[in-house]
Each structure stands twice: as structure tokens, then as C-alpha cells.
Amino acid sequence: MADQSNESAARRNSQDHVVIFDTTLRDGEQSPGASMTLSEKLQVAEVLDQMGVNIIEAGFPIASNGDFEAVHEISKLMKNAVVCGLSRAQFKDIDRAGEALAPAHRSRIHTFISTSPLHMKYKLQMEPGAVLEAVTASVERARRYTDDVEWSAEDATRTDHDFLCRCVEAAIKAGATTINIPDTVGYTVPEEYHDLFKMLIEKVPGGEDVTFSTHCHNDLGLAVANSLAGVRAGARQIECTINGMGERAGNAALEEVVMGMDTRQDVLPYWTDVDPVFITKASRLVSAVSGFPVQYNKAIVGQNAFAHESGIHQDGMLKNNQTYEIMTPESVGLRESSLVMGKHSGRHAFKEKLKDLGYELGDNAFQEAFQRFKDLADKKKQVFDEDLIALVDDEVSSVNDLIKLTSLTVYAGTGGPQKATVTLEVNGKDETREASGDGPVDATFNAIRAIVPHEARLPLYQVMAVTEGTDAQAEVMVRLEHDGLTATGRSADTDTMVASARAYISALNGLIARREKASDISLQAI
Ligand code: KIV
Ligand code: ZN
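So for the sequence shown, our numbering puts the first residue at 4; every next one is plus one.
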């Protein structure tokens, strides 16, 4: 492995550079049930910027005020990455994207229109000639706001080749600098996608002056293979998402395309600006804020991606880890604990450990986190990095909460009915209620609802074990929805009921905050 990377460093030149365009906050957020709050989007954007992603597609500004705000705020914040906003081929979309991106030091407008016969006839109900005119008009409009304009042919892989060439030529003539060829429905296969890029790059006048881009969906599980095939044919931008999030089966996973090129320099001699060491952090953050768990055997970021169970494999690993690992866990930011945290650890070690994990807390937040760490260490033999991340994230997000859990007692078991007694601090005052329910979780949520009456729906309740063993922290995710607003709450505790109550309360606090922001109303109105 070391030989390969030295060789690749020597070979690095600008022709082999692949731009990484992350669309977690746009296409990724289009995954059903995956909406993120503004502050969660800002957190994700900061990690993407930090890890070296070149372009961050931050949203679709015309789609909602929330998307507009996300693009606008991320534009103010980004230090390195270009911030991109999506728009259809309509002037009002493009103008809204231009407005949202105004504060960015580097901005891109990404405008798209469908070009396949199926989409033109049924979705757009437009003749090909009108689509062609819209390509020119939309790109020209976008150029009023920025000289970095990307044009996409939606459903390109099911588009007639001659027509696709004419559209691409029109987009280039109108001023597009990046041409994206999406496999919108995940239909293509690597050889076919490769040949499509070759054909476009060779045939379209002006093709040599623009960057061609891949955008692959994973309906047949080929999104990463197709993206890399596009690069081999000359594409130099890959559109992808953290954990492969996205519409239906998702998009090409950023971590997979980056590590694919990084690991197989012998056959994929391309390079990106992404520092893979941030991959694990980004994956965990996106999973946490979106409420989408990462499948255990997911490449690069799954819990089992670097785990070895069989005796033969373990024996091989002990002799030489290259026997069963083609990349090291450290290379993607999975580190063995250098400090083992337990009940004897003091403030200094705790602070150092947090620093190591990327957290710097203010004095009050640190004191509270330390106290919770001590409480956890009393209950658990070993406190893992994952426990600490869960514990600190919970603490960081709970500082401004209106509603806090004071105590919870649950009566559960086969005897029934299950009951819960909950005391909440609401606006500084303690209130207690008892409620029964269909199981202890239902009883707990009913008791919370009795103290803070509301009509929010519960579209998601999910429990995961953060670490191993029966003393593992359970991480609970709760999503609440009311009147078109959603909020996700997350909490971890060795007691699943406590984690459930805290996650529910956190979602409720989020919903109140969003609702107050949207319509300036107070707690009682929810
Ligand atoms: O999949 C797709 O075609 C898209 C476009 C909007 C680029 O996401
Ligand atoms: Zn897409």
C-alpha cells in the first residue's frame, strides 16, 4: 500500500484531479423522511468543507424557505468550498438561487432540465425544440449571477444521443462550465456510461473546455461503479453523498468513490482534495442528523467494515493486517483509543479525549458533559469513543432547551398495564404526570404529552446500540412532525427508556424552536 501511494503522489497532475461535488444536503435530503434542521445542515456543511469537498450543493432554494435559508447561511459560512444551489430551467428558480447564494465567496448555480423522450413527453410536456431553447435561456440567466454554472440533462442516460449532444453544445455555448450527465433512475451500467462520456467529450464542440460530471443513482447497486467508469472516460467531477444517501436507493457514496480511487491508484490513477481521515466523522454526523442508520456491512463506514470475526481472518490479521484489509481503519478516521476512558479518568483526560474527537466545549457545557461522563462510567465498565460522541452531542444540543427531563420511572413487564411517571422542567418549573400505554415507550411518551399537550405525529422511533454488550448505550432517534414542520431528536443512555424520553423531548424542543421561528408563536400553541 505504501508503495502505491508514493507512486501516485509522484504522478499527481491536474488532468487527473477529480472534483468532489457533495449533494448530501440536496439530493441526500430528498430521501423520504431525511429532512435536517438548519443548524444540522450547517454542521454537515462545516465537516464537508473541512474534509476538502470542492463543491457543496446546499439545497434547492425555490423548493422551500428552509432550503433558501440553508443555501444562504451555508454561503456565509464556507471558507473553502464553492456553494451551489439547484434550480430548474425557470427564471424564477434561477433568480432565487442567485439571491440565496449572494453571500458566498464562491458560488455555483446548477440548472437542469429533462432531455429523455419519456420525461419531455410526460413530465415536462414540452417539445424537444422548446427544451433546447430552455437550455440556452436558463444557462444565460444563471450566468448573470456567477460565471460558475453547471448544467444537467436530467435522465441523460435514457436520452437520444444526438439530442443530448445538441443540448450539451447549447449549454456550453450559453456559458455552462460544468456539464453533468445524470443517471437519474440508476439505469445505466459501467461500460455504457463510460462510452456515453467518451462520445460526448469527443463529439460536442467545446467539450474539451468544460468539466464533465457524473451523477449516479443506485437503483441497481451500480452508482459507484458507474461514477468511476465515467471518470475513466474523462469525467472530472463526481456528484455523491455521504453514506450514499439520496432519492430511492440513493446516490454514489462519497466515501466509496474517494477510497476507491485512493486504494486502487494502479487502475484508477486519479486524485481528489478530500482528506479521507474525516470520512468516519462525516458519516456518523450525517447518520445522526438525518436519522438514517448506516447498514452494518456498508463499505468503508459500516460497523463491520473493519471487523474480523472468523478465526482464520483474525489469525491472518495478527500476522499482517494487509492479509484482510485493503486500507487501514485509521486512513478513514477510525482510530483505536489511545486513552482508555473509565470511572478513574479525570477532567484533564476527558478534555484531551474530547479534543481528540474534535470537540471543544465551553466551561458550562464541559462541566455538564463531564458529570454525565462520570455517571456513565459508574454504570459501564468501559466507555468507548462512540459513547462519548453520543454523550457530548446530546449535551451540546440540549443547552438551550425549554423542556428538560427531571426524572422518569417506568413500570414494565408481562403484568401490564405499562405505566410511566415523568417529571419535566418546563420553562424552569417542574411538572409531573403519570400515564399508561401500549408498552413502556408509549406510556412514557403519553406522560410527556400530558405535561406538554401537542398534536405532533411520530413518523420515526428508532433504537440502536451504540456499543457492544448488555451495558451498551442505546441511541434513540425520534422524529416529530406537525403542520409541515419536522424535528429529529437523538439521545443515548444505558437505559433505553431514558434515552427514548430524552430523544422525544429533544425533538419536541426542536419542533417548538422551528415553529416559533416560522410563526413567532409560543410553547402553548404547539
Ligand atoms: O438525479 C438527477 O437527475 C438529479 C438532477 C437534478 C441533477 O438529481
Ligand atoms: Zn439525483
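Built from N, CA and C at the ideal position, the CB exists for glycine as well.
Next item on the list: Write down every uninterrupted run of the beta strand (DSSP E) in the region 227-268 whose length is 3 residues or greater and which is fully enclosed by it, in chain order.
Entry: 240-243
Check: Touching or not, the region 503-517 and the region 473-484, by the rule of three or more beta carbon pairs under 8 Å?
Finding: Yes: the two stretches touch, three or more of their Cβ pairs being nearer than 8 Å.
Next item on the list: Could you give the DSSP three-state label for E153: helix, strand or coil?
Entry: strand
Notebook entry, point to check: Taking C-beta to C-beta, are A256 and V227 nearer than 8 Å?
Noted result: Yes, the pair counts as a contact, with Cβ atoms nearer than the cut-off.
Item checked: Boundaries (first-last residue) of the beta strand (DSSP E) holding I97 -> Not the beta strand (DSSP E): I97 falls in the alpha helix (DSSP H), residues F94 to L104.
Checklist line | Cut-off 7 Å between Cβ atoms - residues of its own chain near L288, not counting five sequence neighbours on either side | finding: Q46, V47 and V50
Checklist line | Opening and closing residue of the beta strand (DSSP E) in which T497 lies | finding: Unbroken run through T497: none, as it is neither H nor E.
Notebook entry, point to check: Between S340 and D359, what straight-line distance do the alpha-carbon atoms span, to the nearest angstrom?
Noted result: Here the model assigns S340 a pLDDT of 42, short of 50, so the residue's position is not dependable, and the following value carries that caveat. Cα to Cα, the separation comes out at about 10 Å.
Notebook entry, point to check: Quick one: Cα of T447 to Cα of A423, how far?
Noted result: 5 Å
Notebook entry, point to check: When the Cα atoms are used, what is the spatial distance from G442 to T417?
Noted result: 10 Å
Next item on the list: Report yes or no: is there a C-beta of chain D within less than 8 Å of the C-beta of A285?
Entry: Chain labels in this structure do not include chain D; a single protein chain is all it has.
Check: Which residues share a DSSP beta bridge with V479?
Finding: Paired residue(s): V466 and S494.
Checklist line | Same chain only: Cβ atoms within 7 Å of Q33, ignoring 5 sequence neighbours per side | finding: G249 and E250
Checklist line | Status (buried if at least 16 other CB within 10 Å, exposed otherwise) for K44 | finding: buried
Check: Who does L89 pair with in a DSSP beta bridge?
Finding: H113
Note to self: Whole angstroms are fine: how far does the CA of S293 sit from the CA of M344?
What the structure shows: 28 Å
Margin query: Check whether the region 320-327 and the region 270-288 are in contact - that is, three or more C-beta pairs closer than 8 Å.
Written below: Counting Cβ pairs under 8 Å, fewer than three are found: no touch.
Check: How about I116 and E153: are their beta carbons less than 8 Å apart?
Finding: No. Outside cutoff.
Margin query: Short of 6 Å in beta carbon distance, which residues of its chain neighbour H113, apart from the five on each side in sequence? Order them along the chain.
Written below: C87, L89 and E153
Item checked: Cα-Cα separation between A291 and L321, rounded to whole angstroms -> The alpha-carbon atoms of A291 and L321 are separated by roughly 33 Å.
Margin query: Which residue marks the beginning of the beta strand (DSSP E) containing H218, and which one marks its end?
Written below: T214 to C219
Check: Taking C-alpha atoms, which residue in D496, M500 and H485 lies nearest to L511?
Finding: H485
Notebook entry, point to check: Taking C-alpha atoms, which residue in K382, L408 and F376 lies nearest to L394?
Noted result: F376
Check: Given a threshold of 16 other Cβ atoms within 10 Å of its Cβ, counted over all protein chains shown, does T331 qualify as buried or as exposed?
Finding: exposed
Margin query: Classify V270: buried if its beta carbon has 16 or more other beta carbons within 10 angstroms, exposed otherwise.
Written below: Residue environment: V270 is assigned as exposed (fewer than 16 neighbouring CB atoms within 10 Å of its CB, all protein chains considered).
Next item on the list: Verify the contact flag: N254, CB atom, against every heavy atom of the ligand ZN, threshold strictly below 7 Å.
Entry: yes
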